[in-house]
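Written out below as structure tokens is the structure these notes cover.
Chains as they are written, first to last, in our numbering: chain E, 1 to 714; chain U, 1001 to 1504.
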């Protein structure tokens, strides 16, 4: 089953790539869509196979495909690791990818290279699946770089556009900077653990908890070093602060690409990476702290920039970045389940928003500036409805999926009771307010008010074709329901209803119990239930410890997800409250008094400039890093000719030539010159012989000499 | 098992074929027929050598760590210099590479060489013979003869069929490498006087007096560092590449550079372990410098061949980094990196050749938007660009990863700085690719260029297959390399050496 789920997209890519011409565009579209949908069904069935089976032993397995690298004690396999973490990712990737594949048929209808586009999408899907099903760190790196490549190809898909090429290049390089850390992290893993195999690494992570290691002359805590290096890779891929500048630019790619790669899947690879390595990160509290701070700051900064953007796709891009920040600070307080939960719900609602925005752009013949939109809800009622759902989910309004995931994340960071937990909590709350503001600003500017679109564009406005509507429908269903359904499984409480406890007690035949024992008993009961194949225990399969099993490791004292369930009421309801305030603010500013935003902008000029220029990251990077690298290149280029060559071969050759020339100049045929040389040499020669015969001849006559001789005579 | 003397056949067959090519003649007016015959004769003879190389590979015992296909005949009977050939898991791949790239070169020159085609083909066949000889020689003087002999045909290829500044470039190439090699000859003679033998297998087993090791090491270093080339003695390479004809660049980058790395593996590492350990930090520094410096220079090049040449310098930096880590992964990675670079850089030069044949310029700025009229070329070029970038799944990644891994376990500084080559490498290669293939088409000449023809496809397809196959299943190489690499690593793990403490 996992073979179909992973390799169907690859097969589609190869067929589409090699036989694209004879198949024609229609054929390619059919093959790619069919295989990805097939893969989606395969992964869903795999999900059920993993999570609703009767046997705890089958919760995870590895299917080995072959040997990749073996060199000395390094041995790396091609293998697929199937456990709850990877099946969750596989489901997300394949479902979203299917939606995007089908959507692209409609969206790219008029593009001459749509066959190539579909092939790239399939390639991306395959590499992403390789990433999430990797059984060892190096295979994960294979997928990691593979998604980078497909992202590069897809961002630069319209390769005649200068801006698209620049954005693609930038994305690849920024990612590579992250990968620089990641590959060093992988190497450090090997040096520490002697293997790259996940199972072995995770089993022995605890043994290395106290190790230190000399790295570049400094003695550092081994696991912290590894985790920080891995995190560097995640920062690049997931567009966290510092290496994030490629993400907004990546919007140069076609909108389905933005939805698939830059909202739902590839950018969440960093979150997945850290969740996957949770058994290692648990022993590196310092690294976790750094992650929290990075995540929270990213969430805040990205949301603040999103508030002032006018490009509809850029708003959503910054929103993605901000939501990724949420996931990261959840990871930082060991709430891996919560991060994965948000990853999943976010995949649904942000893809929905992107594809909805794509519908708007498609309807308006390529217009992306929200200042040229407005009043579209009558013309595009369905798109409007989908976007409305997406915004509600992003804002975190009950009962949409975003509510559940944001709630549990903020609850978890609050329950961490550390300074960085509180930092993340309060920034997260403010960010929730800003999120609501910018998402509803987007909705109001696009669909409400008077139309600001040029009339000739307006005439062509039409709602999306059915190939674009059906994916939106699937996604909005996900955006509405996913949160509620999977809450218990991903982040549910250990504590359960009295009825279930009774069952547990019966199962365990334990009589006098305190609270902790009940919980332990319950977990045991669940396990036992599966061993005894008791059908009545079905509901327990959706409990958190059973769901994640050993795919995610959280040390008991760090279980912030559990603590989040006991957080005070106000902590939990804060994001919802902020969301509502944000919506009202947006409503006031963009519907009731649409002259206020301009006044606000003029009143807060410095802040507005800061936000408008994306906190000047790009400017600083360009003037500091890019320029200095290039000028160093020019300098070395000149040095190559000017110094190394001049002193080395050219210099030697030149010297030899000049020397030879000078020597040969003696023989110029002038007799008087020859005579001169002869005389000079004769003088030298005679002097030499005289010196040899009596060296004292040249010695200055010292006054004391005669006296000494006289003395000796006497 | 009675096998024919495969190595001798592979060395002498190209020479005999070269003689035959020399004898091809015709009446006036038959020039076209003659030319055709010459091309076919050289192509098929090089294919024949390739067939023998594959035959040898097939019969090679991967588990055996000693030399195989050994042939030994007395040469200068009295002084003990012999005609001694043999291959191990390292050299067999270089022989395969040479045998593989020669027919590719002949094909690549099919239409692009217009003058003196006979002499050109003779030069290539002689070159092939000497290359195979150098990689299979087990006698140090025999090795030296082949090692130096290679210079002659290459000197002619650059000097006669090269570009505008071909004389400067060919002399620079010849004298630069010769200077290093003369020092190596001194070292070889010293070894001979010391131990009374020129047999490499015997020399490898006999330790050299530590006090002498450093001087010998430096002499070998002078030769191999220039050949490889290492920073800062790399400056002959860009000039030679720029002026050489496409096929010349292919052989130069594909095989000749590897002789430096191979020399380190055969002489410096096993024979002079103490000195190698002593100089390891020095080499590491030079490697890192090569990687960063060459990458930065490549970033600002306007000339396509110069860019690829500098990328070669950077990639060879990984080779020395791996070799002087003295770890299994490092040495195997270095061998792999050399092989993979042999394929990828050869292919990149062929790509540049495709463009040069059509527009007769190497200036990057003249191109742009090629993807429109040359879609097949764009795909081919993309594969090799990614190989050079070191994307996992291509052969480029395996070598870089293993050498970095090796370096990291001995010297974290070197590994961290060298890893920055990953970023810079991606930057210059993708920028290069983008400027040539993507973007708007401003130049009408570029827009009229035709896509790759059938000859070029025949050249590129096997290269693409090799690059991807080695990237996905590197073990076909690593399995055979590992016994030979283990022999070398063993020297460093034994307590006798390593008295002088390893750095970090």
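The beta-carbon is built from N, C-alpha and C at its ideal position, and this holds for glycine as well.
Fill in: Own chain residues within Cβ distance below 6 Å of residue 1073 (chain U), not counting five before or after
Against the second chain, residue 1073 (chain U) aligns to sequence position 73. Within the same chain, residue 1073 (chain U) has close Cβ partners 1083.
>> Taking 9 Å as the threshold (beta carbon to beta carbon), is residue 414 (chain E) in contact with chain U?
In response: Numbered from 1 along the first chain, position 414 holds the residue referred to as residue 414 (chain E). Chain U, which has no Cβ nearer than 9 Å to the Cβ of residue 414 (chain E), makes this no.
**Study point:** Beta-bridge pairing of residue 218 (chain E) - partner residues as DSSP gives them
**Key:** In the first chain, residue 218 (chain E) corresponds to position 218, counting from 1. The partner list for residue 218 (chain E) (beta bridge, DSSP) reads E:215.
ask   = Just by C-beta distance, which residues in the region 133–145 of chain E are closer than 7 Å to chain U?
value = Cβ contacts with chain U come from 141, 142 and 145.
Residues in the region 61–73 of chain E having any Cβ partner in chain U nearer than 9 Å: 66, 67, 68, 69, 70, 71, 72 and 73
| said: Need the endpoints of the beta strand (DSSP E) that residue 77 (chain E) sits in, please. | reply: Sequence index remark: in the first chain, residue 77 (chain E) carries index 77 (1-based). Segment 74–82, the beta strand (DSSP E) holding residue 77 (chain E).
Residue 533 (chain E) versus residue 59 (chain E) - alpha carbon distance | Position 533 of the first chain, counted from the first residue, corresponds to residue 533 (chain E). Position 59 of the first chain, counted from the first residue, corresponds to residue 59 (chain E). Annotation note: pLDDT 42 at residue 533 (chain E) (below 50); position unreliable, coordinate value reported separately. Each residue's Cα considered, the two are about 14 Å apart.
Between the Cα of residue 347 (chain E) and the Cα atoms of E:605, E:445 and E:265, which residue gives the shortest distance?
Within the first chain, numbered from 1, the residue matching residue 347 (chain E) stands at position 347. The option with the nearest alpha carbon to residue 347 (chain E) is E:265.
**Report entry** Backbone CA spacing between residue 298 (chain E) and residue 339 (chain E) [nearest angstrom]
**Finding:** On the first chain, residue 298 (chain E) is found 298 positions in, with the first residue counted as 1. On the first chain, residue 339 (chain E) is found 339 positions in, with the first residue counted as 1. Their backbone Cα atoms lie some 15 Å apart in a straight line.
Of the residues U:1460, U:1231, U:1205 and U:1319, which one's Cα is nearest the Cα of residue 1396 (chain U)? Here residue 1396 (chain U) corresponds to residue number 396 of the second chain, with the count starting at 1. Out of U:1460, U:1231, U:1205 and U:1319, U:1319 has the C-alpha closest to the C-alpha of residue 1396 (chain U).
Checklist entry - Buried or exposed: where does residue 1188 (chain U) fall if 16 or more other Cβ atoms within 10 Å of its Cβ makes it buried? => result Within the second chain, residue 1188 (chain U) is the residue found at index 188, counting from 1. Burial call: buried.
Inset, instruction - Could you say if the region 1422–1432 of chain U and the region 1305–1322 of chain U meet the contact criterion of at least three C-beta pairs nearer than 8 Å? - result: Of all C-beta pairs linking the region 1422–1432 of chain U to the region 1305–1322 of chain U, three or more are shorter than 8 Å, placing the two stretches in contact.
Just the C-alpha distance for residue 1176 (chain U) and residue 1274 (chain U), rounded to the nearest angstrom, thanks.
By 1-based counting over the second chain, the position of residue 1176 (chain U) is 176. By 1-based counting over the second chain, the position of residue 1274 (chain U) is 274. Cα to Cα, the separation comes out at about 28 Å.
- Looking at the C-beta of residue 1022 (chain U), does it have a partner C-beta in chain E at a distance below 9 Å? Position 22 of the second chain holds residue 1022 (chain U). No, residue 1022 (chain U) does not count as interfacial toward chain E.
What does DSSP give as the partner residues of residue 136 (chain E) in its beta bridges? Position 136 of the first chain holds residue 136 (chain E). Residue pairing by DSSP places residue 136 (chain E) opposite E:197 in a beta bridge.
Suppose you measure from the CA of residue 1427 (chain U) to the CA of residue 1196 (chain U); what does that come to, to the nearest Å? Position 427 of the second chain, counted from the start, is the residue given in the question as residue 1427 (chain U). Position 196 of the second chain, counted from the start, is the residue given in the question as residue 1196 (chain U). C-alpha separation (whole angstroms): 52 Å.
Beta carbon proximity, residue 159 (chain E) to chain U, threshold 9 Å: Locating residue 159 (chain E) in the first chain gives position 159, where the first residue counts as 1. Cβ-Cβ to chain U under 9 Å: yes for residue 159 (chain E).
Item checked: Partner residues on chain E for residue 1438 (chain U), Cβ-Cβ distance less than 7 Å -> The residue you call residue 1438 (chain U) lines up with position 438 of the second chain. Chain E residues near residue 1438 (chain U): 156, 159 and 165.
- Query: Expressed to the nearest angstrom, what Euclidean distance is found between the alpha-carbon atoms of residue 1201 (chain U) and residue 1400 (chain U)?
  - Reply: Position 201 of the second chain, counting from 1, holds the residue named residue 1201 (chain U). Position 400 of the second chain, counting from 1, holds the residue named residue 1400 (chain U). If you take the alpha carbons of residue 1201 (chain U) and residue 1400 (chain U), they lie about 30 Å apart.
Would you be able to state if there are at least three C-beta pairs under 8 Å between the region 395–406 of chain E and the region 359–371 of chain E? no
- Task: For residue 312 (chain E), I'd like the list of residues in its chain whose CB is within less than 6 Å of its CB, leaving aside the five on either flank, ordered along the chain.
- Result: Translated into the one-based positions of the first chain, residue 312 (chain E) becomes position 312. If we look at residue 312 (chain E) and ignore the five residues flanking it on each side, its Cβ neighbours are 357, 368 and 370.
- Confirm, please, whether the CB-CB distance from residue 233 (chain E) to residue 179 (chain E) is below 9 Å. Mapped onto the first chain, residue 179 (chain E) falls at position 179. Mapped onto the first chain, residue 233 (chain E) falls at position 233. Cβ atoms of residue 179 (chain E) and residue 233 (chain E): closer than 9 Å.
(request) Determine whether the Cβ of residue 1158 (chain U) lies closer than 9 Å to any Cβ atom of chain E. (result) Taking the first residue of the second chain as 1, we reach residue 1158 (chain U) at position 158. By this cut-off, residue 1158 (chain U) is not an interface position.
Any Cβ of chain E within less than 9 Å of the Cβ of residue 1172 (chain U)? Counting from one through the second chain, the residue named residue 1172 (chain U) turns up at place 172. Closer than 9 Å to some Cβ of chain E, the Cβ of residue 1172 (chain U) qualifies, so yes.
Hey, does residue 176 (chain E) have any beta-carbon neighbour from chain U nearer than 9 Å?
-> On the first chain, position 176 is the one that residue 176 (chain E) refers to. Answer yes: the Cβ-Cβ gap between residue 176 (chain E) and chain U drops below 9 Å somewhere.
Requested in this report: Counting only the same chain and skipping the five closest in sequence on each side, list residues whose C-beta sits under 6 Å from that of residue 1046 (chain U).
Outcome: For this step, residue 1046 (chain U) is matched to residue 46 along the second chain. Within the same chain, residue 1046 (chain U) has close Cβ partners 1102, 1103 and 1106.
In this structure, how does DSSP classify residue 1441 (chain U) when only helix, strand and coil are distinguished?
If you number the second chain from 1, residue 1441 (chain U) lands on position 441. Coil, per DSSP.
ask   = Is the shortest distance between the beta-carbon of residue 179 (chain E) and the beta-carbons of chain U less than 9 Å?
value = Looking up residue 179 (chain E) in the first chain gives position 179. Judged by the 9 Å Cβ criterion, residue 179 (chain E) is in contact with chain U.
_Taking the beta carbon of residue 66 (chain E) as the centre, do at least 16 other beta carbons fall within 10 Å, making it buried, or is it exposed?_
To locate residue 66 (chain E), count along the first chain from 1; it is residue 66. It is exposed - the Cβ of residue 66 (chain E) has fewer than 16 other Cβ atoms within 10 Å.
Check your understanding: Is residue 1401 (chain U) close to chain E, meaning its C-beta is less than 9 Å from at least one C-beta of that chain?
Key -> Residue 1401 (chain U) sits at position 401 when you count from the first residue of the second chain. So yes, residue 1401 (chain U) belongs to the interface.
Just reading off the alpha helix (DSSP H) that residue 1068 (chain U) is part of, what are its end residues?
Position 68 of the second chain, counted from the first residue, corresponds to residue 1068 (chain U). No alpha helix (DSSP H) holds residue 1068 (chain U); the beta strand (DSSP E) holding it covers 1068–1076.
Are residue 245 (chain E) and residue 174 (chain E) close, meaning C-beta to C-beta below 9 Å? Your numbering for residue 245 (chain E) matches position 245 in the first chain. Your numbering for residue 174 (chain E) matches position 174 in the first chain. Cβ distance < 9 Å, so residue 245 (chain E) and residue 174 (chain E) count as in contact.
Check your understanding: From residue 413 (chain E) to residue 548 (chain E), what distance separates their C-alpha atoms?
Key -> Within the first chain, the letter at position 413 stands for residue 413 (chain E). Within the first chain, the letter at position 548 stands for residue 548 (chain E). Computed Cα separation, rounded: 20 Å.
Residues in the same chain with beta-carbon distance under 6 Å from residue 341 (chain E), minus the five sequence neighbours each way, listed in chain order, please.
Counted from its first residue, the first chain places residue 341 (chain E) at position 341. Result list for residue 341 (chain E): 405, 490 and 491, in chain order.
Check whether residue 430 (chain E) and residue 327 (chain E) have beta carbons under 9 Å apart | If you number the first chain from 1, residue 430 (chain E) lands on position 430. If you number the first chain from 1, residue 327 (chain E) lands on position 327. Contact: no.
Could you say if the region 566–585 of chain E and the region 420–436 of chain E meet the contact criterion of at least three C-beta pairs nearer than 8 Å?
yes
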